[in-house]
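Have a look at the structure below, then the notes.
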Amino acid sequence: MSIWWSLHLRREAASVPLARRLLLGTMETAGVDPDISHDLSVALSEACANAVEHGGDAATEDYRVTAFINGDTCRIEVTDSGPGFRERTRRPKRPGRSGTPDTAAPPPPMA
């Protein structure tokens, strides 16, 4: 089953539970595991609350929530007019340490 929807919501606190309920209902209809549905709805609530609080200047009155569910894939987007996040610069990987953070300690010596 494939389900897609998009909402334009006012940047008001009351919009957060509305988006969450719609997502939960959509995931229930699609047969998504209730634990996964709960986790995704909490993440959506946090993203919506962030859009309400930080999603632009006083003249920006709305934000958008889009959800797409297809089989075992769920994509949720929350879009607003806020400044976003600073782009992080990545440090180059050091040879021989692929997949580990640069701050990781080397493994202990073998006995």
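Here the sequence shown is numbered in our numbering, starting from 2 and rising by one per residue.
Beta carbons are placed, not taken as given, at the ideal position from N, Cα and C, and that holds for glycine.
No experiment lies behind these values; they were computed from the predicted model shown.
Own chain, CB closer than 6 angstroms to residue i, minus 5 neighbours either side, in chain order
i	result
Ala50	Val17
Ser46	Val17 and Arg21
Trp5	Phe69
Ala48	Val79
Leu8	Val66
C-alpha gap between residue i and residue j, whole angstroms
i	j	result
Glu54	Arg65	14 angstroms
Pro93	Leu23	42 angstroms
Asp36	Thr74	15 angstroms
Arg136	Leu10	Because the chain here runs from 2 to 112, residue 136 falls outside it and cannot be looked at.
Ala60	Ala44	26 angstroms
Leu19	Gly85	23 angstroms
Asp58	Ala31	36 angstroms
Glu62	Thr90	32 angstroms
Given residue i as reference, the closest of the options once Cα atoms are compared
i	options	result
Thr27	Thr67, Val79 and Asp81	Thr67
Glu29	Thr61, Gly72 and Ala59	Gly72
Asp40	Leu25, Gly32 and Ala31	Leu25
Val33	Arg76, Gly85 and Arg91	Arg76
Spatial neighbours of residue i in its chain, beta-carbon cut-off 7 angstroms, leaving aside the 5 residues before and after
i	result
Gly56	Arg12, Tyr64, Asp81, Ser82 and Gly83
Assigned exposure category for residue i - 16 Cβ within 10 Å defines buried
i	result
Ser42	buried
Ser3	exposed
Ser38	buried
Ala52	buried
Where are the beta strand (DSSP E) runs, 3 residues long or more, that stay fully inside the segment 3 to 44, in chain order? 3 to 11
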